[in-house]
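Novice:
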Amino acid sequence: GRRAGVTAGRAPNLKVERDLLAAGSVVVAGCDEVGRGSLGGPVSVGLVVVDATTRRPPAGLRDSKLLAPAVRESLVPRIESWSCCWAIGSASAAEIDEIGILRALRLAGERALAHLRVRPDLVLLDGNYDWFTRPERSASSPTEIEPNQVTLKVKADLTCASVAAASVIAKVARDRRMIELAGLYPWYGWQANKGYAAPEHRAALLEIGPCEEHRKSWHLILTDEPSLLEGA
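Following the working numbering, the residues of the sequence shown are numbered contiguously, the last one being 272.
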C-alpha cells in the first residue's frame, strides 16, 4: 500500500557518488526525469549536486515513486539544504511535439544545468540511455555547456541518494504544474492523474479530445474498442 511505501525498501546512499568523486570527479549531479510517459503537460528534469563534503542524505529519502505526496513535499526543503545546489528544467508538450521526447529531455536537462550555481563535471543519470548528451541539441537550448561525463546507472533512483533527490524535486515541481493546468483544463482529472493515462483521462480524451497541453504527436486515444474510433 501507499503508506507502507513511504519507508519501504533500503534507503539510497552516496556510495556510487563517493566512488565517482574518489575516481576524480569534483562535483557530481544526480539526475532524473519525471513525466516522460505522460500524455499531457511538460517533461521535467531534476539535478541535485553533491561533492566530497556532502553529508548523509535526509532521513526518509526514497525514489519519488515510493513516497506519498506529503512526504515528497516535506523532503524538498531538506534536499535543498542538504545538497550543494539543485535545479529543475522542463520542456513543454508543444516542444515535445516539435522536437521529440528524447531531444525534449535533453532540453529540459540543459535548462536545469543552466540554473545550477555549481557546474557538475559528471552527471549520474538514471536508466540505460544517455538522453543528456546523445540526442541532437535543440535550437532553444540555453547552454553550450556539456558535462565532461555522463554515467548511466539502471535503478539509480533506488540506490543513489543524489538521483533519488533529483526525482523528488522534479516530481514535486511537475505535480504542482499539473495541478495548475488542471485549473485551466478541468476535464481530464490532472490534479489526480498528473497527465498520465488514467481511465478518467482517457474517457475525457474520447469525449472532448485533447487540449493544447496534450502531446498531440502521441497516440493519445488508444482503446480496446476500435468502434469508438471508426471513421475518425
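All C-beta atoms, glycine included, are put in the ideal place defined by N, C-alpha and C.
In angstroms, rounded to a whole number, what distance separates the CA positions of A222 and V203?
Specialist: Distance between the alpha carbons of A222 and V203 is about 28 Å.
Novice: How would you write the range of the alpha helix (DSSP H) that I273 sits in, first residue to last?
Specialist: Nothing about residue 273 can be reported from this structure: the residues present for the chain run from 41 to 272 only.
Novice: Between S130 and V88, which are expected to be in contact by the criterion C-beta below 8 Å, what is the C-beta distance as a whole number of angstroms?
Specialist: In fact, because the Cβ distance is near 16 Å, the residues do not count as touching under 8 Å.
Novice: If you measure between the beta carbons of V68 and L162, is that distance less than 8 Å?
Specialist: Closer than 8 Å, so yes.
Novice: If you count every other CB in all the chains shown that lies within 10 Å of the CB of L224, and 16 or more means buried, which is it?
Specialist: The residue is exposed, with fewer than 16 neighbouring Cβ atoms inside 10 Å.
Novice: Let me know the secondary structure DSSP gives S84 once reduced to three states.
Specialist: Of the three classes helix, strand and coil, the one that applies to S84 here is strand, per DSSP.
Novice: Just to confirm, is the Cβ distance from K55 to D137 under 8 Å?
Specialist: Contact flag unset, no.
Novice: State the start and end residues of the unbroken beta strand (DSSP E) segment that holds S114.
Specialist: Element bounds for S114: not the beta strand (DSSP E) but the alpha helix (DSSP H), P109 to W122.
Novice: Measure the beta-carbon distance from L79 to L260 and round it to whole angstroms, keeping in mind my assumption that it falls under 8 Å.
Specialist: Right, the Cβ-Cβ distance comes to about 5 Å (below 8 Å), so this counts as a contact.
Novice: Let me know if R102 comes out buried or exposed under the rule of 16 or more other beta-carbons within 10 Å of its beta-carbon.
Specialist: It counts as buried.
Novice: How far does the alpha helix (DSSP H) with S207 in it reach, from first residue to last?
Specialist: S207 -> alpha helix (DSSP H) spans A201 to L224.
Novice: Tell me whether P160 is buried or exposed, calling it buried when 16 or more other Cβ atoms sit within 10 Å of its Cβ.
Specialist: Its Cβ being crowded by 16 or more others within 10 Å, P160 is buried.
Novice: Roughly how many angstroms lie between the CA atoms of N53 and E247, to the nearest whole one?
Specialist: If I take the Cα positions, the gap works out to 46 Å.
Novice: Which of helix, strand or coil does DSSP assign to K193?
Specialist: Residue state, collapsed to three classes: strand.
Novice: Kindly provide the ranges of any beta strand (DSSP E) runs that are 3 or more residues long and lie completely inside the region 51 to 104, ordered along the chain.
Specialist: You should have 68 to 74 and 83 to 90.
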